[in-house]
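Working notes for the structure below.
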Amino acid sequence: MLRALLTVLVLLVLGALATDESPAAIETLEVFDDCAQSAYVRRGEIRVHGDGTAQYHKGDGTAQAHGGAELDEPQPQPGADACAVVVRAGDGRRFVQTVARSRLGGDETFVVHVGDGVVRVDYGADKHGAGASRVVVRRRAAGPEPRLGRAAAVDAAGRERQAEAPKSFLAKYWYYIVPLVLILLLGGEEPKEGGGAQR
């Protein structure tokens, strides 16, 4: 009995170790730059996961085919003081950040803003550091809903008019009631009794 229990426990531990518990990527973003000044180079990819985490995987640094034409970005300008970092989503959306060449060579940070999918990607570089790449995921939070009151009525001078108190039934419809009462009170004579109609 103990041996069977130990065997089941070992199988459960081995099964847990064998499965990859990393969450599935909801979006994969390709990262390119033109810092080589000749063509856009694929630097790596960012995998954004459904649990609010992301990972950066460095690429092989191969040049893009067609000199960056696939990115539909202007060709790199030799001798420019800045280079562009282009993050491309799978559906073709591009997020372009420009960074000064003097800031490159150290740590870099990608900030991925997530709402219903990736909304925006920011890039920052710091020349100090060991060259680590970091990805920060920021979820877009819904802002507070405004509580709207009724519109204020203003007079010609721009002052707010005070709301009138509700009127009673008689105050609202007196001009219908008074003529009706007068007609009933001052109405014609009643026919005399006794004979037929007079002509």
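Throughout the sequence shown, residue numbering follows this note's numbering, covering -2 to 196 in sequence. Glycine residues also receive a C-beta, built at the ideal position from the N, C-alpha and C atoms. In this text, all values refer to a predicted model and were calculated from it rather than measured experimentally.
Could you please give me the residues that DSSP links to K124 through a beta bridge?
Residue pairing by DSSP places K124 in no beta bridge whatsoever.
Figure out for me which residue from V118, L183, L177 has the closest Cα to the Cα of V109.
Considering only alpha carbons, the answer is V118.
Nearest to I43 (by Cα), restricted to the options Y37, I23, E161:
Check the Cα spacing between I43 and each of Y37, I23, E161: the tightest is with I23.
On the DSSP letters alone, give me the boundaries of the alpha helix (DSSP H) that G55 sits inside.
The question names Gly, but residue 55 is Lys in the sequence shown. Unbroken run through K55 is the beta strand (DSSP E), 51 to 55; no alpha helix (DSSP H).
Determine the direct distance from the alpha carbon of T95 to that of C80, and round the result to whole angstroms.
Going by the C-alpha atoms only, they are around 6 angstroms apart.
Which residues does DSSP list as the beta-bridge partners of E197?
Absent from the structure is residue 197, since the part of the chain shown begins at -2 and ends at 196.
Across the segment 114 to 131 and the segment 95 to 105, are there enough close Cβ pairs to call them in contact, namely three or more that are closer than 8 angstroms?
Cβ pair count under 8 angstroms is three or more, so yes.
Taking the alpha-carbon positions, what's the H46 to A139 distance?
Each residue's Cα considered, the two are about 20 angstroms apart.
Using CA atoms only, rank isn't needed, just tell me which of L26, Q159, D113 is closest to V83.
Taking only the C-alpha atoms, the option nearest V83 is L26.
Take the Cβ of D31 as the centre, count every other Cβ of all protein chains shown within 10 Å, and call the residue buried at 16 or more, exposed below.
It is buried - the Cβ of D31 has at least 16 other Cβ atoms within 10 Å.
On a Cα-Cα basis, can you pick out the residue from L181, L145, A149 that is closest to A160?
Of the listed residues, the one whose Cα sits closest to A160 is A149.
Nearest by alpha-carbon distance to G56: which of D78, V38, G49 is it?
The option with the nearest alpha carbon to G56 is V38.
How many whole angstroms separate the CB atoms of A51 and V116, which I take to be in contact at a CB cut-off of 8 angstroms?
In this structure A51 is not in contact with V116, their Cβ atoms being roughly 14 angstroms apart against a cut-off of 8 angstroms.
Which partner residues of S130 appear in the DSSP bridge assignment?
The partner list for S130 (beta bridge, DSSP) reads E105.
I'd like the list of long-range same chain contacts for A122, defined as Cβ closer than 6 angstroms, with 5 residues on each side in sequence excluded.
Taking C-beta separations shorter than 6 angstroms and ignoring five residues to either side along the sequence, the partners of A122 in its chain run V96, R100, L101, E105, following chain order.
For the alpha helix (DSSP H) that contains A168, what are its first and last residues?
Here the alpha helix (DSSP H) through A168 covers 166 to 182.
Distance check for K164 and L181, CA to CA, integer angstroms please.
L181 and K164: Cα-Cα distance of roughly 26 angstroms.
Around the Cβ of Y53, are there at least 16 other Cβ atoms within 10 angstroms (buried) or fewer (exposed)?
The residue in question, Y53, is buried, as its Cβ has 16 or more Cβ neighbours within 10 Å.
Exposure label - Y173; buried when at least 16 CB within 10 Å
It is exposed - the Cβ of Y173 has fewer than 16 other Cβ atoms within 10 Å.
Local conformation of G64 per DSSP, three classes:
Any reading at G64 is ruled out, since the residue's pLDDT is 38, under 50, leaving its predicted position unreliable.
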